[in-house]
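Reading through the structure tokens given below for one structure.
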């Protein structure tokens, strides 16, 4: 094992302009926000994002001008409606979208995890998705059935936010959590993987329950500590989403200027994650905490 | 007993609930907010719970990533922690395993919302307008293409509006019955396709050719009311009836036992 603990800025620097980047989490949960804010500060451009159900991280990176293309199953703010900057950028033709259904997107990440260039999928015919050139066909050599295929989710960097991990990059989930996401598959599918965690824990805690390690240190390129690293979204079992802040976000996002000012105030004019948390204040943050029932 | 009038939501709930069966596995999504939440989550959950209490005790619900959710105590306000703590029988380690169940045809019923629905039950939740410059970008695809491809009896739950009920959808996110010439059979589907469209004014089913057909009118609603809220003229059943209202006892069960806080049918 090697020590892989870095700062957020060092971890984010693994992402280069023009990269294909997978972002983890689902809906408002475990979006890698501290790392996304760092990517904005570092001025990344021309990224292609691959996501499951994405919300805040995609909207921020698109609103900050970091993104030229997106592929995935959903972008929105769940309870709070559309993701305003993503929606505007797509409507203005500034971000290209490639929409996948859940079984097709899952198969793309599974193919990458299996070291395969593609996977066959049970066909979903007649849809606009299936008419695209990236969805092709293959005949099953055993049954002769016609199947569709999807290309592997080949990424340059995978960016996840997680509950806890040790300095070597063993990423651990709690016994009880909300598992409605594909972070596990995204981790297995990654080539370069950077993970922010709510807290860095001693290796001695990890080894007692190795079956709770869902991403092993061998897969991880960099691990960094970011308490409230999914704020203003939630990290299940640790804190809830901050609904008022997300409402402020979506209101600011109604205009390009409004969101630019919001990004300046909350990201570009804030030197780092520690300063970001200081500005939010301990009272607010503790009001969002939820008890673990482990 | 007969002076208790059902709300529009309760009519929709009972129209759905009557079609649910004892050995069904019913999929319900996690939904969005406001009226969209009521249509995608609230009405389906109440309908499935009512079926369990009324005539289908063995019916199973898969909600989001949670099989057999405990619906005896629905919180009024759903934040992440309420979802995390929801009791249930099974939640796989990654949601891809639920998607596998879906693709294998293990779900009997699902519930669909959409920004556009056309005569042949094709659905659009992706975009309005052209691909390169959409007039409105919507959420994406989620698993709706799988629902209409692999679930045995998908039910579309939307409010009746001429903006939603269009002659043909701008983007076929999910393939219903295609068109007159491009049928499910011609594409190799074995069965499936939407079975009902349950709205705030009327209930529709589909003809053998896959065309939407007006099946029942909610009390007080005329055929003209329905047609004025659609951009195409549907088939009309020869034996068009009034949507059967729930009994006073069913209304009591919905209001007092299933949704006492009003969290599911509020709007």
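Protein chains in written order, with the working numbering: chain A, 110 to 403; chain B, 2 to 268.
Positions of the beta carbon are idealized from the N, C-alpha and C atoms, including for glycine.
Computed from a prediction, not measured in an experiment: that's the story for all the values here.
Any C-beta of chain B under 7 Å from that of residue 315 (chain A): no
is_contact[residue 265 (chain B), chain A] using C-beta, thresh 7 Å: no
Rounded C-alpha distance that separates residue 356 (chain A) from residue 147 (chain B): 32 Å
Residues that residue 65 (chain B) contacts on chain A, provided the C-beta gap is smaller than 7 Å: 289
Under 8 Å from the C-beta of residue 95 (chain B): neighbouring residues of chain A: 288, 290, 291, 292, 293 and 294
Within chain A, the residues that residue 84 (chain B) reaches when beta carbons sit closer than 7 Å: Under a criterion of Cβ atoms nearer than 7 Å, the residues of chain A adjacent to residue 84 (chain B) are, in order, 287.
Beta-carbon neighbours of residue 182 (chain A), restricted to chain B and to distances below 7 Å: 141, 142 and 143
Whole-Å CB distance - residue 181 (chain A) paired with residue 163 (chain A), under 8 Å assumed: 6 Å
Span of the beta strand (DSSP E), counted from its first residue to its last, around residue 7 (chain B): Judged by DSSP secondary structure, residue 7 (chain B) falls outside any beta strand (DSSP E); it is assigned neither H nor E.
Residue 225 (chain B), enclosing alpha helix (DSSP H) - first and last residue: 224-228
Simplified DSSP state of residue 164 (chain A), which is helix, strand or coil: coil
Separation of residue 50 (chain B) from residue 151 (chain A), as counted between CA atoms: 51 Å
DSSP bridge partner residues for residue 28 (chain B) (one or two, in chain order): B:63 and B:111
Residue 192 (chain B) - partner residues in DSSP beta bridges: According to DSSP, which records beta bridges pairwise, residue 192 (chain B) is partnered with nothing at all.
Beta carbon proximity, residue 172 (chain B) to chain A, threshold 7 Å: yes
For residue 271 (chain A), the residue or residues it bridges with in DSSP: A:306
7 Å Cβ cut-off: residues of chain C touching residue 207 (chain A): Judged by its chain identifiers, the structure shown contains no chain C, and its protein chains are A and B.
Status (buried if at least 16 other CB within 10 Å, exposed otherwise) for residue 202 (chain A): That one is exposed.
Beta-ladder partner(s) of residue 138 (chain A), from DSSP: A:135 and A:343
Proximity test, Cβ basis, 7 Å: residue 116 (chain B) and chain A: no
C-alpha distance - residue 29 (chain B) paired with residue 228 (chain B), whole-angstrom precision: 29 Å
For residue 265 (chain A) and residue 137 (chain B), the rounded distance between their alpha carbons: Distance from the CA atom of residue 137 (chain B) to the CA atom of residue 265 (chain A), rounded to whole angstroms, is 31 Å.
Given residue 346 (chain A) as reference, the closest of A:381, A:234 and A:337 once Cα atoms are compared: A:337
Residue-chain proximity (residue 303 (chain A), chain B), Cβ-Cβ < 7 Å: Chain B contact via Cβ: absent.
Check whether residue 349 (chain A) and residue 8 (chain B) have beta carbons under 7 Å apart: no
Within 7 Å, strictly: CB atoms of residue 26 (chain B) and residue 112 (chain B): no
Environment of residue 224 (chain B) [buried if 16+ CB atoms lie within 10 Å]: exposed
Contact check, residue 194 (chain B) vs residue 178 (chain B), beta carbons under 7 Å: yes
Residue from A:305, A:246, A:238 and A:243 whose Cα sits closest to the Cα of residue 172 (chain B): A:238
Inter-stretch contact at 8 Å, needing at least 3 Cβ pairs: the stretch 129-139 of chain A / the stretch 267-276 of chain A: yes
is_contact[residue 188 (chain B), chain A] using C-beta, thresh 7 Å: Taking Cβ atoms only, chain A reaches closer than 7 Å to residue 188 (chain B), which makes this a yes.
Opposing strand residues paired with residue 198 (chain B) [DSSP bridges]: DSSP lists B:157 and B:205 as partners of residue 198 (chain B).
Within 7 Å, strictly: CB atoms of residue 281 (chain A) and residue 274 (chain A): yes
Beta-carbon contacts of residue 242 (chain B) that lie in its chain and below 6 Å, excluding the five residues immediately before and after: Result list for residue 242 (chain B): 217, in chain order.
Closest Cα partner of residue 321 (chain A) within the set A:393, A:359, A:288 and A:376: A:288
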